[in-house]
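Visitor: Sequential numbering of the sequence shown, starting at 1, is according to UniProt numbering.
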Amino acid sequence: MPRPSAAEEDLVRQAGRALSRHGLVHAYGHCSMRLDAGHFLVSPAKPLGLVADEDACSVVPLDGPLPEGVLGEVRIHREIYRRRPEVGGVVRSMPRRVMTLGTARITPRARHGFGAYFAPFPPLWDDPQLLRSDEQAAALAEQMGPARAIVMRGNGAVTAGASLEEAVVLSWYLEDAARVEFEARAAGIAESGVILSEAEAAQRATWAGAIRERMWAHLTAESGKP
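Below, the structure is given as structure tokens:
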């Protein structure tokens with residue numbers, strides 16, 4: 001079992017606190033980063049906004065049972081890492097607008113720049129129950145496929161990125177895409193509104209120009225500090 005570095009544990013704790021500070025998780029939610037081909041590091045089993053510097057993260061193997069004390073839905077992370085070697089970070093979140101749309105079996109369309117990262121729209125896991133079995137988690141990962149996110153009906157979302165930082169940024173992007181979708185529908189302009197074409201979305205969904213790094217810096221900045 002690999003031993004994570006202090007920097008790796010600090011990164012997971014920092015990501016969790018950022019998700020909480022921006023309303024993407026609350027009492028529920030977790031995040032993780034890949035350590036190597038066979039293990040990942042997951043946040044402490046407590047509300048992410050309450051995670052302290054002394055709270056230890058847990059190393060989870062891709063094979064075998066979940067370690068004692070690790071939350072049951074961390075199975076989702078494990079199944080995604082198993083299937084997608086390019087994924088370096090996973091976030092299980094509870095964004096408000098994503099949750100609202102999901103109850104109606106709606107996922108946000110690629111209506112603006114941030115929505116482009118999920119074009120044409122994220123898949124929907126059409127089951128509001130908690131995922132507490134290996135079979136359920138495997139089925140969700142299969143349905144997610146290569147997508148950057150999957151919306152869970154009435155139960156939040158999961159994002160996957162090349163790094164934990166990217167997965168956190170994608171969680172914010174997904175909620176903003178849901179905000180635009182919700183407001184367009186509320187204003188009655190959803191049908192007449194423009195959806196990005198496949199070519200437009202592919203061009204816009206870029207990380208060039210430090211796009212990921214700037215949003216990560218924004219999300220992890222402490223309130224009141226420059």
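By construction, the Cβ of each residue, glycine as well, lies at the ideal position given by its N, Cα and C atoms.
Hey, out of 41, 191, 29, whose CA is closest to residue 89's CA?
Guide: Nearest of 41, 191, 29 to residue 89, Cα basis: 41.
Visitor: Can you look up residue 224 in the DSSP assignment and give me helix, strand or coil?
Guide: Only weak support exists for where residue 224 lies, its pLDDT of 41 falling under 50; the value from the coordinates is given anyway. Correct three-state label for residue 224: coil.
Visitor: Three-state secondary structure (DSSP) at residue 207?
Guide: Reduced to three states, the DSSP call for residue 207 is coil.
Visitor: For the alpha helix (DSSP H) holding residue 139, just list the boundary residues, first then last.
Guide: Where residue 139 is concerned, the enclosing alpha helix (DSSP H) stretches over 134-144.
Visitor: Excluding the 5 residues preceding and the 5 following residue 161 in the sequence, name in chain order all residues of the same chain whose CB lies nearer than 6 Å to its CB.
Guide: Within the same chain, residue 161 has close Cβ partners 89, 167, 170.
Visitor: Would the beta-carbon of residue 29 fall within 8 Å of that of residue 48?
Guide: Yes, they are a contact pair.
Visitor: Of all the alpha helix (DSSP H) runs that stay within the bounds of the stretch 107-184, which reach a length of 4 or more residues?
Guide: List check, alpha helix (DSSP H) in window: 134-144.
Visitor: Taking the runs of the alpha helix (DSSP H) that are 4 residues or longer, which of them lie wholly in the stretch 53-114?
Guide: The stretch 53-114 contains these whole alpha helix (DSSP H) runs: 74-83, 96-103.
Visitor: Cβ of residue 216 within 7 Å of any heavy atom in the ligand ADP?
Guide: With respect to the ligand ADP, the structure shown offers nothing to examine, as it has no ligands at all.
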